[in-house]
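The structure appears right after this line, and notes come after that.
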Amino acid sequence: MKFGTPVQLAAGLMVMWGDRSSCAFSLKHNFDNFWLSSEQKLAAYNLNSLWYLKQEHTAEGKVLTYPVASGVHLLPDEGDYLITNVPTTGIGIITADCLPIVFFDSVRRVVAVVHAGWKGSVQGIAPIVLRQMQQRFGTELKNIQIWFGPHANPCCYEVTPEFRTHLLSSIANQVILPRDGRLFFDTARYNELLLIAAGVHAQQIDRQYSFCTMCSLRFHSRRNDGALYIGQSSIAWLQ
Ligand SMILES: [Zn+2]
Numbered sequence: 000m001k002f003g004t005p006v007q008l009a010a011g012l013m014v015m016w017g018d019r020s021s022c023a024f025s026l027k028h029n030f031d032n033f034w035l036s037s038e039q040k041l042a043a044y045n046l047n048s049l050w051y052l053k054q055e056h057t058a059e060g061k062v063l064t065y066p067v068a069s070g071v072h073l074l075p076d077e078g079d080y081l082i083t084n085v086p087t088t089g090i091g092i093i094t095a096d097c098l099p100i101v102f103f104d105s106v107r108r109v110v111a112v113v114h115a116g117w118k119g120s121v122q123g124i125a126p127i128v129l130r131q132m133q134q135r136f137g138t139e140l141k142n143i144q145i146w147f148g149p150h151a152n153p154c155c156y157e158v159t160p161e162f163r164t165h166l167l168s169s170i171a172n173q174v175i176l177p178r179d180g181r182l183f184f185d186t187a188r189y190n191e192l193l194l195i196a197a198g199v200h201a202q203q204i205d206r207q208y209s210f211c212t213m214c215s216l217r218f219h220s221r222r223n224d225g226a227l228y229i230g231q232s233s234i235a236w237l238q
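Once you know that position 11 of the sequence shown is 10 in numbering that gives the first Met the number 0, the rest is easy, because the numbers rise by one and skip nothing.
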């Protein structure tokens, strides 16, 4: 299982799932390292450009189509997903316990990255990205592949009893897991259930990279690292 270096997830699709080794920067706390690290990634991965949005736990995002400017871009636009059909255009997200999701349409050649914390998840960011791909690029559900990346798993992600009020009541019982008198949230399962309701089959979702960022010290973790946490960037691109 490779983290911190690019892996080919499908023919024509590259993804670098971030860990502590692959980035030592924070969008909020260290811009110098952010630019240096991003310029290095651009060269190392042979990308024409690399894009990030100002992540704010929204269900908004941006679609990048031709023409795409070269270089590293940290856009001032608030948003938590990026979609592109332009090869060698890196689209990145920063996470530290939130769920990174990669979508790929192997026929229309479209890739998306999503930052899905609980707030984005309950706003339905995953099915929104699916709809964007369908409407903007003609993506058919049967051609979609989806990967969940490293995030706080329900072994560690404790929530309060009130947390349930944010969730769709019809599926809350499947994603709030009681254990030893405490409650834990399964972010990936919540997104999976929304995607299945939108028409995706469970077999189209690959969880092999969805390690727990709180159990393993190899990942940045907002809950473990405290207020000065930094994030790992995960980047996807079409070859
Ligand atoms: Zn854990």
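Every residue, glycine too, gets a C-beta built ideally from N, C-alpha and C.
Since the model is a prediction, treat every value here as computed from it, not as a measurement.
> Distance, Cα to Cα, L73 vs L52?
Replying inline: 6 Å
> Would DSSP call Q202 helix, strand or coil?
Replying inline: helix
> How far does the beta strand (DSSP E) with D104 in it reach, from first residue to last?
Replying inline: 98–104
> What's the C-alpha gap between L35 and P177?
Replying inline: 44 Å
> Mind checking whether the beta-carbon of N247 lies closer than 7 Å to any heavy atom of ligand 1?
Replying inline: The question about residue 247 has no answer here: the residues shown for the chain are numbered 0 through 238.
> Taking 7 Å as the line, does the beta carbon of M213 fall inside it for any heavy atom of ligand 1?
Replying inline: yes
> Using a threshold of 7 Å, is the CB atom of C154 nearer than that to any non-hydrogen atom of ligand 1?
Replying inline: yes
> Looking at the structure shown, is I229 part of a helix, part of a strand, or coil, going by DSSP?
Replying inline: coil
> Which one of Y189, F183, W146 has the shortest CA to CA distance from L167?
Replying inline: Y189
>> Determine whether the beta carbon atoms of Q234 and K40 lie at a separation below 8 Å.
In response: In the sequence as presented, Gln is not what sits at residue 234; that position holds Ile. Result yes, Cβ atoms of I234 and K40 sit closer than 8 Å.
>> Alpha carbons only, please: which of G60, F162, R107 is nearest the one belonging to I127?
In response: G60
>> To test your reading of the DSSP string, which unbroken alpha helix (DSSP H) runs of 4 or more residues are found completely within the stretch 74–153?
In response: 117–121, 124–136
>> Please report the distance separating the alpha-carbon of L12 from that of C154.
In response: 30 Å
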